[in-house]
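Contents: one structure, followed by commentary.
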Amino acid sequence: MKDNDWRFLQDALRSCGYEVDESVSPGEELHVVLAQRNGVPPEQALEWLASLFQILPLDPNRTACSTQAEALFRRLAVATDDAEPWLPLGTVGPLLICAHYNPACSEFWKIPAELLVPVLIPKAKYDTLRRDVFDRVATSPLENTSRIRFSEPLQPDQGYSEVLGWMLREFPLDDVEIRAKLEQERRSLAEGAHHDYSALKGLPRHYACTVHHLATGESCFNPEYAPSQTMFSENLLEKHAVYPMYCGSKVVYLLSAEKNNFAFEDEWLSSGNEAIDFRTIYADRDTIMAIIAKERGRVAASGSVELSGDLTYSDVANIVEIDLQEVQRINPSSINVTSEQVVHWVLYRAITGRASDLHIEKYFNTARFRARIDGEMKVIHSCPEEMLARFISLIKNYANMGQRRQDAQDARFSLILGKKRVDCRVSAIPCRKDLQKITIRFLDKDGGLKKLSELKLSPRQTKLLTDAMGRDQGLILITGPTGSGKTTTLYALLNSINSDNINIHTVEDPIEYEIEGMNQTQTDPIHNLDFAEGLRRLMRADPDVILIGECRDNETAMAAINAALTGHLVLTTLHANDCLRAVSRLISMGVPAYLLADSLALTQAQRLVRRLCTFCKRPTPITPEIQAIFDANMVPIKPEVTSIYSKNGCPECNESGYSGRLALMELVAIDHALGDLISRNAPQSQMRRLAFRQGMLTLYQEGLVQVLNGNTSLEEISCLSYTSITAENHDDDPPDGKIVGMPVRRAPTVENEVLDSKYEA
């Protein structure tokens with residue numbers, strides 16, 4: 008700690024009537040030393056000092072800077088020589104959460120105070136965070152000037168409308184969709200000191216509490232960075248939509264979207280608990296609920312306890328209700344457990360573990376449950392083979408399937424877990440020994456429906472998709488294998504335009520998510536309603552935008568083309584390896600090339616790759632071999648970037664090194680030049696060369712960009728190396744020789760500028 012910071016801290020404490028011994032120098036336990044000198048118990052030291060300086064206390068589980076925080080920090084911060092500055096920890100929307108053990112420290116890396124949410128953390132946690140941040144800065148140094156300069160400061164006592172206007176003018180908001188929503192909210196709010204928090208419900212996640220914080224000065228925080236807690240039951244927290252960010256001896260800092268939480272306090276006191284000083288900190292409600300659900304999953308995975316109580320099955324058809332308190336007390340390995348209790352426990356574990364699918368199958372002499380989490384299959388439970396038939400019968404009863412084991416069957420049911428509803432799509436496939444394998448696809452309406460801004464696209468990708476969705480007619484193709492996120496992308500695109508003045512109609516098989524404002528039709532083979540027939544009937548329903556679940560044959564493809572040519576915007580999916588091969592695929596289905604050229608607006612291919620865990624990923628120096636991979640694929644690496652990230656493993660990601668997935672997208676907008684090539688049925692190589700000149704990036708190039716951004720690893724995108732650049736993609740010839748299995752390419756120059764602004768983070 009610098010001497011001037013220590014003196015400021017001493018003066019501040021004295022001004023409040025507290026004692027500071029001049030002989031005391033700050034050590035490992037600064038909070039405890041100062042507290043004990045003033046008669047404060049050691050366990051109250053952190054909250055005591057934080058309260059004096061009006062700073063939020065935090066004892067974080069994780070002491071590493073998140074990826075979002077590092078990206079924002081690099082945009083805002085200016086290099087400093089201070090050995091102990093405030094350190095970036097996380098983000099709240101466009102604000103940076105910064106941490107320190109000394110509330111008197113004045114070094115904020117020249118970041119404007121309006122963009123900071125300071126928190127006070129223990130000295131030991133600060134030291135760990137400091138090593139992480141300083142390692143990142145040493146690997147990729149900061150610039151000497153900030154890229155953000157305010158032309159005007161935020162004036163005090165501003166209303167929400169004025170704050171939103173100031174944010175739009177001054178804040179580093181690059182996301183087009185977020186800017187549009189902020190502008191729309193600004194116009195809807197009346198001028199003046201309007202500080203009713205409920206009026207901000209239309210803003211993107213974390214932005215409502217940010218605007219309220221800037222307008223009123225009241226604290227806000229991101230629940231994602233709150234530590235785990237054991238003080239309150241998850242049911243109580245979920246009922247009142249609150250979560251503690253700090254639990255002290257006499258005070259609890261409570262994250263909430265409401266200013267007053269009297270009902271929560273009353274219920275806490277009525278249960279015989281001692282009175283506590285609850286202090287409300289504004290936070291996003293949806294994120295609070297997601298953190299509570301995550302905590303449930305951690306509790307369920309942490310251990311086994313005695314079985315207690317019976318689970319209930321709703322008498323409403325196709326709806327299964329799981330009692331959250333009871334399921335957490337189930338020990339699936341107990342000899343007294345029933346088949347239904349095991350099934351409920353497994354379903355609960357899979358959903359809280361973010362699984363997309365659950366597999367129930369025979370494996371040697373056991374019944375095995377496997378979940379697909381972040382694209383990887385993981386065993387979550389095994390038990391004797393004799394129980395398999397009972398598990399299968401239970402699931403088929405839930406979905407109202409027949410009990411015939413020789414048929415391939417499909418059905419669905421819904422799960423109710425607390426206030427969360429998850430639709431389950433069930434597939435039963437006959438296997439040997441007269442058994443069936445059950446596969447359940449989870450369709451989470453809360454986590455599955457995304458907004459376009461939540462897909463974390465680059466500005467170029469967002470512009471291409473937004474421009475395509477703004478057209479009044481044309482065909483948009485989304486391609487990729489099964490499980491590549493095509494449905495999520497389609498729904499995000501439709502959500503971006505879902506409004507009262509647009510008539511959206513879909514034909515799907517099946518309807519995965521029910522969305523208000525859209526007219527959704529499911530195919531029905533019994534009544535001869537397939538994709539092609541459904542599309543023909545839709546043409547008489549006055550649609551503006553049409554979604555066709557999949558182009559499977561010539562009849563459906565021709566119906567989609569005709570709809571796109573007659574004044575409708577049509578979205579559909581296709582199985583193809585990349586976006587331009589989708590053109591060849593449609594032509595091979597019998598679609599005339601000249602009709603496809605006239606109707607096609609945009610074609611896109613995508614894959615899902617696992618996202619590196621933001622709390623344990625480790626930097627890896629860029630070796631000549633790694634540099635060669637980027638050079639070969641014409642992905643420039645800035646001189647100041649000297650490392651990429653690779654997986655490590657921690658409890659937060661279950662030691663896998665990855666947490667969540669991200670979409671890599673290969674996008675091509677069809678302009679006149681490409682349309683001419685399509686109409687002539689030109690070779691793929693000609694179309695690809697032209698697409699590259701217009702800015703197209705292959706899936707592997709997109710993956711390399713995400714590697715540079717620290718979101719994934721080279722190991723994870725290696726499966727896409729077949730889409731790397733080859734010699735016929737460009738007009739220039741490659742030098743002789745090969746590097747790591749890929750052609751060597753010249754780095755981009757002024758004359759050979761393929762990738763430039765598209766790669767700015």
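Just so we're aligned, residue 8 is where the sequence shown starts under the numbering used here, counting upward by one.
Ideal placement from N, C-alpha and C gives every residue a C-beta, glycine not left out.
Sequence-distant residues of the same chain with beta carbon closer than 6 angstroms to residue i, five excluded per side
i: Gly409; result: none
i: Asp583; result: Correcting the residue identity first, residue 583 is Ala in this sequence and not Asp. Closer than 6 angstroms at Cβ, skipping near neighbours: Thr486, Ala589 and Arg592.
i: Ser434; result: Asp417 and Thr446
i: Leu180; result: Arg186
i: Val183; result: Thr469
i: Met694; result: Leu587 and Leu684
i: Leu123; result: Leu103 and Cys105
Contact check, residue i vs residue j, beta carbons under 7 angstroms
i: Leu450; j: Ala499; result: no
i: Gly172; j: Arg193; result: yes
i: Val114; j: Asp89; result: Correcting the residue identity first, residue 114 is Glu in this sequence and not Val. Yes, Cβ-Cβ distance for Glu114 and Asp89 is below 7 angstroms.
i: Val5; j: Met703; result: The chain is shown from 8 up to 768; residue 5 falls before or after that span and cannot be answered.
i: Ile568; j: Ser595; result: no
i: Cys390; j: Tyr289; result: no
i: Ile298; j: Val259; result: no
i: Met252; j: Leu262; result: yes
i: Ser460; j: Ile185; result: yes
i: Ile62; j: Pro125; result: yes
i: Ser491; j: Arg379; result: no
i: Thr563; j: Cys586; result: no
i: Ile436; j: Ala406; result: no
i: Gly481; j: Ala571; result: yes
i: Asn68; j: Pro230; result: no
i: Arg617; j: Glu723; result: yes
Residue interval of the alpha helix (DSSP H) (run including residue i)
i: Gly710; result: Leu706 to Leu715
i: Arg138; result: Lys130 to Thr146
i: Val350; result: Ser346 to Thr359
i: Ser53; result: In the sequence as presented, Ser is not what sits at residue 53; that position holds Leu. Taken as a continuous stretch (DSSP letters only), the alpha helix (DSSP H) holding Leu53 covers Ala52 to Leu59.
i: Arg336; result: First-last for Arg336: undefined, no H or E at that position.
Alpha carbon of residue i to alpha carbon of residue j, nearest angstrom
i: Cys660; j: Asn718; result: 14 angstroms
i: Met174; j: Leu79; result: 15 angstroms
i: Leu149; j: Tyr665; result: 27 angstroms
i: Ser340; j: Glu383; result: 24 angstroms
i: Ala612; j: Thr705; result: 9 angstroms
i: Arg625; j: Gly656; result: 9 angstroms
i: Asp516; j: Lys427; result: 24 angstroms
i: Ala691; j: His575; result: Per the sequence shown, residue 691 should be read as Gln rather than Ala. Their Cα atoms are separated by approximately 28 angstroms.
i: Glu177; j: Leu721; result: 36 angstroms
i: Ser465; j: Phe420; result: 37 angstroms
i: Thr87; j: Arg137; result: 14 angstroms
i: Tyr729; j: Pro488; result: 15 angstroms
i: Gln634; j: Gln708; result: 14 angstroms
Enclosing beta strand (DSSP E) for residue i [first to last residue]
i: Val552; result: Val552 to Ile555
i: Val514; result: Ile511 to Glu515
i: Glu281; result: Where Glu281 is concerned, there is no enclosing beta strand (DSSP E), given that its DSSP letter is neither H nor E.
i: Tyr665; result: Tyr665 to Ala676
i: Glu121; result: Looking at the DSSP string, Glu121 is not in any beta strand (DSSP E), and its letter there is neither H nor E.
i: Ala106; result: Leu102 to His107
i: Thr580; result: Leu576 to Leu581
i: Lys444; result: Leu442 to Asp451
i: Tyr167; result: Note, Tyr167: premise wrong, no beta strand (DSSP E); alpha helix (DSSP H) at Tyr167 to Glu177.
i: Met641; result: Here Met641 belongs to no beta strand (DSSP E), and DSSP marks it neither H nor E.
i: Asp387; result: First, the residue type needs correcting, since residue 387 is Ile and not Asp in the sequence shown. Run containing Ile387: Glu383 to Pro391, per the beta strand (DSSP E) assignment.
i: Val85; result: Premise fails: Val85 is in no beta strand (DSSP E) and is neither H nor E.
i: Asp605; result: From DSSP, Asp605 is part of no beta strand (DSSP E) but of the alpha helix (DSSP H) over Ala600 to Ser606.
i: Ile483; result: Gly481 to Thr486
i: Arg69; result: Neither: Arg69 is in no beta strand (DSSP E) and is coded neither H nor E.
Cβ-based neighbour list, residue i, same chain, cut-off 7 angstroms, excluding 5 preceding and 5 following
i: Leu697; result: Ala680, Leu681 and Leu684
i: Thr152; result: Val85
i: Ser686; result: Ala600, Tyr601 and Ala604
i: Arg543; result: Ala566
Residues near residue i in its chain [Cβ-Cβ closer than 8 angstroms; skip 5 each side]
i: Ile522; result: Leu456, Tyr498, Leu501, Asn502 and Asn505
i: Leu442; result: Lys369, Leu395, Ala396, Ile399 and Arg412
**OP:** For the segment 533-551 and the segment 570-579, state whether three or more C-beta atom pairs, one from each stretch, are separated by less than 8 angstroms.
**Re:** yes
Original post:
Any chance the segment 94-109 sits against the segment 67-82, with 3 or more Cβ pairs inside 8 angstroms?
Top reply: yes
Subject >> the segment 390-402 contacting the segment 360-374, beta-carbon criterion three pairs below 8 angstroms >> reply: yes
**OP:** Pair every Cβ in the segment 509-516 with every Cβ in the segment 628-641, then say whether three or more of these pairs are closer than 8 angstroms.
**Re:** no
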